[in-house]
Every structure is written in C-alpha cells, then in structure tokens.
Amino acid sequence: MNYSIPQLRTVNVTRYVTPLREGGSMPAIAEADDQFLYVLKFRGAGQGKKALIAELIGGEIARALGLNIPEIVFANLDIAFGRIEGDEEIQDLLKASVGLNLALHYLSGSVAFDPLVTKVDSKLASQIVWLDSLLLNVDRTARNTNMLWWHKALWLIDHGAALYFHHSWSDWDQPKKQFVNIKDHVLLSSASELESVDTEFRPILSHERIRSIVDLIPEEWLAGESAFESTDQHRQAYVQFLVTRVAHSDFFVKEAQHARESLI
C-alpha cells in the first residue's frame, strides 16, 4: 500500500501565552516563529518524555487512519523563557523543558466535546474506540473526553496517557494484553461497527507504516531508558508492540464488544 512517510515540522517557541491548568501535565498555549498558536506539551512535566512519545505515536496513528488530529510539530524551547516567567511553578517547568518539546496546532474557537450535546455516528465512534483499544488509551472518558468540536467536525487531542505500559515496560510484549479501561470509553455505547472498522483499519497499519511513525521519535527522547541497552532497542519495542497488537486486533475488538454489551 502506497503512502506518504510522515514528516513533522520544527518550530521555535517565541511567546508563552497562557498555561492550561489541566491534569498534571500543565500544557500551555504558546506562539511560535511561524506566527501560529500551539498547545505546547512539555518534556519537563510530570510524565516527561514518555507522554510526548505517546502523544506523537497516538496522534500520528490516528492521522494515518483518517481521523481528525491537529497538526503535531516539534517545538524548541529556549532557556530564556525560564528566566522571565514570574510564576515559580511555571518557571521550573520551563527550565526543565529547554530543548525539543511537542506541540499541537491550537484550534481557535473549538469547544470541548459533550456527548449529551453532540451525537457521534456509529462508524466514527467505532473507529475511535478501535484506535484507543489499540493504544491502551485510558483517557477518553465522559469525565475527560479529549475531543474537540471544531468546524462542524470531531477532532481528537491528547494521547499522552496512551501506551501506559512504557512507564514500567512491564508485560508489554504480551500480544493479548487486556485493556479493561475500555469499559469507560465515552463512545463505547455507540461503537456498533467495530468488526467492519477492524477489517478497514488493519491493512492500513502495516509494519512499514508503524515503523515510519515510530521513527519520528527524537533520539534524545529515547535515551536513558534502563529497560533497554540502546535507543534502537527502545524504538523497536514500540514497533513490536504495535505490530503485534494490530495482528491480534480481534482480541481487543472482542474485549470492547463484550464491554459494550454490558453497557447496553
């Protein structure tokens, strides 16, 4: 299957606009040297570089599957930002995040998705549930949907809590790793087309495509992981997990279907 190898632009942060005090990661709205606004995710936040890796992999896999994702860019943060910020907590975060971070294009005028207000059709709901089952994304619940309504379409944001196994690399290589949190997915009740979506999505996520997405991870984000002898091994572990999970997608599809049956 022909496809374009994903490319990410790199921008330089020129202005820290305002913090978004959501959860523990403290992202911020920032302006870059291309004059666009971005939601900036910091390498110095609580989950560190692993959250940026999950954000990158999750977002670009979603994009490959045809789902709406704001543009993801690498964002360079200069040491000067930590010197001029008055808030000590933010100052510490900026100082710990000097260098390469991750940012998503800011969707100005968007509103948080509310399942009581906006109806999502069964095909799209099934596509998103399939994606989050693949990625073990624990953070798309009714309490925190991590979706935005923008220009009459649903956009997915914030995949930093996906691939949670990489915080310990425990049992990550089990092909049929259970994901009980799927029962809490905000769109699960509407996801009635999981089997047809599985048939559609599996061929898209070839080994070659997955490898091209994982290859986007900067080398410096992979360094220092004690579970692996080299960054190459570290990178390959992500590829192996994703390729194996796609190959056994029937397992997580059935898991989601059983969870849905309990709901309805």
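For the sequence shown, UniProt numbering begins at 1 and goes up steadily by one.
Just so you know, even glycine gets a beta-carbon here, dropped at the ideal spot from N, CA and C.
Nearest candidate by alpha-carbon position, reference residue i, set the options
i	options	result
Asp171	Glu225, Phe241, Thr118 and Pro70	Phe241
Gly48	Gly99, Glu71, Arg260 and Gly59	Gly99
Glu60	Glu219, Val117 and Ile210	Ile210
Arg143	Val186, Lys119 and His105	Val186
Ser196	Lys152, Pro218, Gln257 and Trp155	Gln257
Val129	Val253, Ile264, Ile204 and Ile57	Val253
Lys183	Tyr106, Phe36, Asp139 and Ala259	Ala259
Leu65	Glu89, Ser108, Asp114 and Ser126	Ser126
Arg202	Val39, His248, Gln233 and Leu222	His248
Tyr16	Leu135, His167 and Phe81	Phe81
Pro218	Tyr38, Leu93, Ile53 and Gln236	Ile53
Phe113	Ser122, His105, Leu156 and Gln91	Leu156
Thr10	Ser4, Glu31 and Ala227	Glu31
Ser133	Asp33, Gly58, Met147 and Thr118	Gly58
His151	Arg140, Gly109, Leu20 and Ser168	Gly109
Arg43	Ala103, Ser4 and Leu20	Ala103
Arg245	Ser262, Ala153, Leu135 and Leu37	Leu135
Leu148	Ser189, Phe228 and Tyr106	Tyr106
Close-in-space but distant-in-sequence residues of the same chain around residue i (CB under 8 Å, 5 per side omitted)
i	result
Thr18	Ala28 and Ile29
Ala51	Ser25, Lys41, Ala45, Gly160 and Ala161
Pro6	Glu60, Arg63, Ala64, Ser212, Ile213 and Leu216
For residue i, three-class secondary structure by DSSP
i	result
Glu31	strand
Trp149	strand
Met1	Any reading at Met1 must be qualified, since the residue scores a pLDDT of 46, below 50, and its modelled position is unreliable; no value is offered.
Thr244	helix
Thr231	helix
His159	coil
Thr141	strand
Pro6	coil
Leu94	helix
Val111	strand
Leu154	strand
Same chain only: Cβ atoms within 6 Å of residue i, ignoring 5 sequence neighbours per side
i	result
Leu77	Val13, Ser97, Val98 and Asn101
Phe251	Lys176
Pro115	Val186
Asn68	Ala153 and Trp155
Counted within 10 angstroms of its Cβ, other Cβ atoms place residue i as buried (16 or more) or exposed
i	result
Gln145	For the record, residue 145 in the displayed sequence is Thr; it is not Gln. The residue is buried, with at least 16 neighbouring Cβ atoms inside 10 Å.
Asp87	exposed
Gln35	exposed
Ala191	buried
His234	buried
Val180	exposed
Ile79	exposed
Leu20	exposed
Asp173	exposed
Ile264	exposed
Val243	buried
Unbroken beta strand (DSSP E) run spanning residue i, endpoints
i	result
Gly99	Gly99 to His105
Leu77	Ile72 to Leu77
Leu37	Leu37 to Lys41
The alpha helix (DSSP H) enclosing residue i, as first and last residue numbers
i	result
Leu263	Ser249 to Leu263
Thr10	Per DSSP, Thr10 belongs to no alpha helix (DSSP H); it is in the beta strand (DSSP E), Thr10 to Pro19.
Gln127	Ser122 to Leu135
Trp221	Glu219 to Leu222
Ser212	His207 to Val214
Arg202	First-last for Arg202: undefined, no H or E at that position.
Leu52	Gly48 to Ala64
Cβ shell of residue i (< 7 Å), same chain only, five flanking positions each side left out
i	result
Val8	Reading the sequence as shown, one finds Leu at residue 8 and not Val. Once the five neighbours on either side are set aside, the close Cβ partners of Leu8 are Ile72, Val73, Phe74 and Leu216.
Glu193	Ser122, Lys123 and Ser126
Thr231	Glu219, Leu222 and Ala223
Val138	Ala161, Tyr164 and Asn181
Phe228	His234 and Ala237
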